[in-house]
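A.B. asks: Below: one structure in structure tokens.
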Amino acid sequence: MTVFLNTALSSLDTPTSLMPFFIKDAFDNTGRTIMAAKEGGKHEAREKFIEETGTSMFWIGGIPAVRWMSNKIFKNKIDTDIHFKRINSDGIQNYYADHLVDSSKNQAVKKPKFSKQDLEGIELGGENLSKIKEKLSKSGYKPNISKGKYKSFHVGTSIAAVGINFVMLTYALPKFNQWLSRQIIFDEVKKSKQKNVDKQIKIQKGQQPKPQESKVKKPEGKNQNFGSMKDLFDFKSLLNFTKVAETSQLNPTNSMLLLDYGISGSRVTFIPRDNNERIEYAVKEGGIILFFYQAADYIKKGFETIANKGFKTPIGLDYKIIGDKEFQSTLKSSVDKNQLLAFTDKKDELGVIKFIDKELADAPKDPKLDKKDVLKNFTLKMAHKEGSLDIEFDKSLGKWIRHSKKYIDTDKLVALNDNMKNFLDKSFGEDKKIIPAEKVDNILKKTKQAKALSIVGNIAICCVSLSFLLPKLQYFIREKRTKTKTAPGIKVYKDMAEQMKGVNVSA
4 MTVFLNTALS SLDTPTSLMP FFIKDAFDNT GRTIMAAKEG GKHEAREKFI EETGTSMFWI
64 GGIPAVRWMS NKIFKNKIDT DIHFKRINSD GIQNYYADHL VDSSKNQAVK KPKFSKQDLE
124 GIELGGENLS KIKEKLSKSG YKPNISKGKY KSFHVGTSIA AVGINFVMLT YALPKFNQWL
184 SRQIIFDEVK KSKQKNVDKQ IKIQKGQQPK PQESKVKKPE GKNQNFGSMK DLFDFKSLLN
244 FTKVAETSQL NPTNSMLLLD YGISGSRVTF IPRDNNERIE YAVKEGGIIL FFYQAADYIK
304 KGFETIANKG FKTPIGLDYK IIGDKEFQST LKSSVDKNQL LAFTDKKDEL GVIKFIDKEL
364 ADAPKDPKLD KKDVLKNFTL KMAHKEGSLD IEFDKSLGKW IRHSKKYIDT DKLVALNDNM
424 KNFLDKSFGE DKKIIPAEKV DNILKKTKQA KALSIVGNIA ICCVSLSFLL PKLQYFIREK
484 RTKTKTAPGI KVYKDMAEQM KGVNVSA
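Note that the sequence shown covers residues 4 to 510 in my numbering.
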């Protein structure tokens, strides 16, 4: 139960996890649909339910589904487990770091990217790495020249994952939703008992009646002209799909953000049925971008600042680390805590990778060891538990190495080390060599409670904002602008039906 709780709370606090998106989206969909039924009536509730449910299906599930299908289709041609960021990197984690040249434009003669001193101690050989290099070579990879089929695959997959779902969410789903509303609203008119109604209304199945055919004037103040995506975004600077391909393999939320930009752009340009609906969409989509992607980081930093300065309780560490038994027992041990958190002085990628490779070179050579027992440096050990570092055994080298297929975000390791130092300094002060077990237990209990409260509070603030405050703001703006609770898009169809029929259509 404790392990499950640690994992669950950690996933809610992890930027690359989809769990916060599921929870926020569930509250967002439920809150907006209920409020739509209460404020706008059955037609808006139906539209909102279809829009929100359909968006969730393609937005959260669509991108992973396309990537999964792509991996299955090309599994015999591409090793999809290799992190593209490591292939595309021009840093020390590149498989051919010893062949990279400095690409600075002001150099007439290209020099090696890394000196012999830089490369000293960096593991670039062995059976595992040689197999990957062979795969890259067969795919057309050439250092400094071409990334081969791996780039084509990952960039193509990213474009397909975003593009397919973009079309579904900005064309197919809105078209179906609006078509369905027209059918239902106009069918209500047809079913009424007014005389000669069939002569007054001519509806082509699945099409909005054209003004010149129905001879119905557009409601005043309604602008039916659709805008363009270019009004909102400069796609040349936005769509760097090589960078997207690098990050989306490790963090699916990056592709989701790009897709959301596209969805939001379409919903404030060519999807709205009039300007009032366009304004409502602008408020809604702006809020979604804010509370799904941006606000959580600011709220998290706010909680950390309050806990750190106000209560002397640093909560920057991952919940899995705070709740880890080895972390707890190590704090209780007699080891010098300053020495415990010794780490490299060079915090750039080269410095951290050299530090890891040196630690692994000095590690036990037993392939049967559990990974958690291989790493002796406490920061690296905790990084492995956190999921930021992975290792494997290379038989030809007879030692443990960094995982040959995975890219390491060295900034995360540096941040972990800094957060652990801050935790010890703020929680125990100068009394860090031998800390009483009872004091450790009390401080960890307090820290876990504060961390859990901050995680749940962060999610709660975002959920309440998405499901209640933002919709309330939308309806407030609607009533101020239109003097009615009816959704602007629904009102367009109702006004047309009322003019053609001469009677009101019930909400």
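Cβ atoms here follow ideal geometry from the backbone N, Cα and C, with glycine treated the same way. Source: prediction; values computed, not measured.
Could you check whether Gly265 and Thr160 sit closer than 8 Å to each other, using their CB atoms as the reference points?
C.D. replies: Not a contact, by the Cβ cut-off of 8 Å.
A.B. asks: For Pro439, does the count of other Cβ atoms within 10 angstroms reach 16, so buried, or fall short, so exposed?
C.D. replies: Its Cβ having fewer than 16 others within 10 Å, Pro439 is exposed.
A.B. asks: Leaving out five residues before and five after Ile458 in sequence, what residues of the same chain have Cβ atoms less than 8 Å from its Cβ?
C.D. replies: Excluding residues within five positions, the ones whose Cβ falls inside 8 Å are Leu12, Leu15, Asp16, Tyr322.
A.B. asks: Buried or exposed for Ala455, please, with buried defined as at least 16 other CB atoms from any protein chain shown within 10 angstroms of its CB.
C.D. replies: The residue in question, Ala455, is buried, as its Cβ has 16 or more Cβ neighbours within 10 Å.
A.B. asks: Could you give the C-beta distance for Lys398 and Lys368, rounded to a whole number, given that I count them as a contact under 8 Å?
C.D. replies: Not quite, the Cβ-Cβ distance comes to about 11 Å (not below 8 Å), so this is no contact.
A.B. asks: Using 8 Å as the threshold, is the C-beta distance between Leu392 and Leu427 below it?
C.D. replies: No, the Cβ-Cβ distance between Leu392 and Leu427 is not below 8 Å.
A.B. asks: Evaluate the contact criterion for the region 26 to 38 versus the region 463 to 477: three or more CB pairs, one atom per stretch, below 8 Å.
C.D. replies: The region 26 to 38, when compared against the region 463 to 477, does touch it at the 8 Å Cβ threshold.
A.B. asks: Alpha carbon to alpha carbon, what distance is there between Leu262 and Arg481?
C.D. replies: Arg481 and Leu262: Cα-Cα distance of roughly 27 Å.
A.B. asks: Ends of the alpha helix (DSSP H) at Arg511?
C.D. replies: Coverage of the chain is limited to positions 4 through 510, which leaves residue 511 absent and any answer about it impossible.
A.B. asks: Apply the 10 Å Cβ neighbour rule to Gly209 and answer buried if 16 or more other Cβ atoms are within range, or exposed otherwise.
C.D. replies: Because the pLDDT of Gly209 is 44, which lies under 50, any placement of that residue in the model is unreliable, and the number read from its coordinates should be weighed accordingly. Per the 10 Å Cβ criterion, exposed.
A.B. asks: Quick check: the Cα distance between Lys486 and Ile282, rounded to an integer number of angstroms?
C.D. replies: For Lys486 and Ile282, the distance between alpha carbons rounds to 15 Å.
A.B. asks: Are the region 171 to 186 and the region 46 to 53 in contact at 8 Å, needing three or more beta carbon pairs?
C.D. replies: Output reads yes: the region 46 to 53 touches the region 171 to 186.
A.B. asks: Kindly indicate which residue of Lys75, Leu122, Gln331, Gln297 has the alpha-carbon position closest to the one of Asn461.
C.D. replies: Closest option to Asn461, Cα to Cα, is Gln297.
A.B. asks: Is the beta carbon of Ser267 sitting closer than 8 Å to the one on Glu288?
C.D. replies: Against a cut-off of 8 Å, the Cβ pair of Glu288 and Ser267 comes out as a contact.
A.B. asks: Measure the alpha-carbon distance for Val158 versus Lys75 and round it to whole angstroms.
C.D. replies: The straight-line gap from Cα to Cα measures roughly 16 Å.
A.B. asks: With DSSP collapsed to three states, give me the class of Met232.
C.D. replies: Bear in mind that the predicted position of Met232 carries a pLDDT of just 37, short of 50, making it unreliable; the figure below should be weighed with that in mind. Helix, per DSSP.
A.B. asks: Taking Cβ to Cβ, would you say Ile493 is nearer than 8 Å to Glu42?
C.D. replies: Cβ distance not < 8 Å, so Ile493 and Glu42 don't count as in contact.
A.B. asks: Between which two residues does the beta strand (DSSP E) harbouring Asp421 extend?
C.D. replies: Counting along the chain, Asp421 falls outside any beta strand (DSSP E), though it belongs to the alpha helix (DSSP H) covering 413 to 431.
A.B. asks: Would Ala175 pass as a contact of Ile66 if the rule is Cβ separation under 8 Å?
C.D. replies: No, they are not a contact pair.
A.B. asks: Between Asn311 and Lys429, how many whole angstroms is the CB-CB distance? I'm expecting something under 8 Å.
C.D. replies: Asn311 to Lys429, Cβ: 7 Å. Contact.
A.B. asks: Nearest to Asp31 by CA position, among Met499, Gln502, Lys488, Phe471, is which residue?
C.D. replies: Looking at the Cα atoms, Phe471 is the closest of the given residues.
A.B. asks: Only counting runs of 4 or more residues, tell me where the alpha helix (DSSP H) segments fall wholly within the region 113 to 143, in order along the chain.
C.D. replies: If we require 4 residues or more, the alpha helix (DSSP H) runs fully inside the region 113 to 143 come out as 119 to 122, 130 to 141.
A.B. asks: In three-state terms, what does DSSP make of Lys145?
C.D. replies: In the structure shown, Lys145 sits in a strand (DSSP, three-state: E or B).
A.B. asks: Does the region 327 to 340 come within contact of the region 353 to 361, defined as at least 3 CB pairs closer than 8 Å?
C.D. replies: Judged by Cβ distances under 8 Å, the region 327 to 340 makes no contact with the region 353 to 361, as fewer than three pairs qualify.
A.B. asks: Please state whether DSSP places Lys371 in a helix, a strand or coil.
C.D. replies: Three-state result, Lys371: coil.
A.B. asks: From Asp101 to Ile125, what does the alpha carbon distance come to, in whole angstroms?
C.D. replies: If I take the Cα positions, the gap works out to 10 Å.
A.B. asks: Looking at Ile318: is its Cβ nearer than 8 Å to the Cβ of Gly129?
C.D. replies: Contact flag unset, no.
A.B. asks: Comparing the CB of Lys402 with every heavy atom of the ligand SAM, is any distance shorter than 7 Å?
C.D. replies: Absent from the structure shown: the ligand SAM. Ligands present: none.
A.B. asks: CB-CB under 7 Å to Pro222, same chain, minus the five flanking residues each way: which ones, in chain order?
C.D. replies: Here the model assigns Pro222 a pLDDT of 39, short of 50, so the residue's position is not dependable and the matter cannot be decided.
A.B. asks: Apart from the five residues on each side of it in sequence, which residues of its chain come closer than 6 Å, Cβ to Cβ, to Lys88?
C.D. replies: Within the same chain, Lys88 has close Cβ partners Glu249, Tyr410.
A.B. asks: Out of Ala490, Ile274, Thr489, Ile464, which one is the CA nearest neighbour of Lys27?
C.D. replies: Residue Ile464 is the option with its Cα nearest to Lys27.
A.B. asks: With DSSP as the reference, identify every bridge partner of Val495, one or two as the case may be.
C.D. replies: Note: Val495 sits in no beta bridge, so no partner.
A.B. asks: With a threshold of 6 Å on Cβ separation, who are the neighbours of Met22 within its own chain once the five nearest residues in sequence on each side are excluded?
C.D. replies: Result list for Met22: Ser14, Leu15, in chain order.
A.B. asks: Assuming the contact rule is C-beta atoms closer than 8 Å, Thr19 and Thr256 should be a hit. Round their C-beta distance to whole Å, please.
C.D. replies: The Cβ separation is near 6 Å, so the contact holds.
A.B. asks: Check whether the Cβ atoms of Thr316 and Ala418 lie closer than 8 Å to each other.
C.D. replies: Their beta carbons are not under 8 Å apart, which means Thr316 does not touch Ala418 by this criterion.
A.B. asks: Anyone know if the C-beta pair for Ile95 and Tyr153 falls short of 8 Å?
C.D. replies: Taking 8 Å as the Cβ cut-off, Ile95 and Tyr153 do not qualify as a contacting pair.
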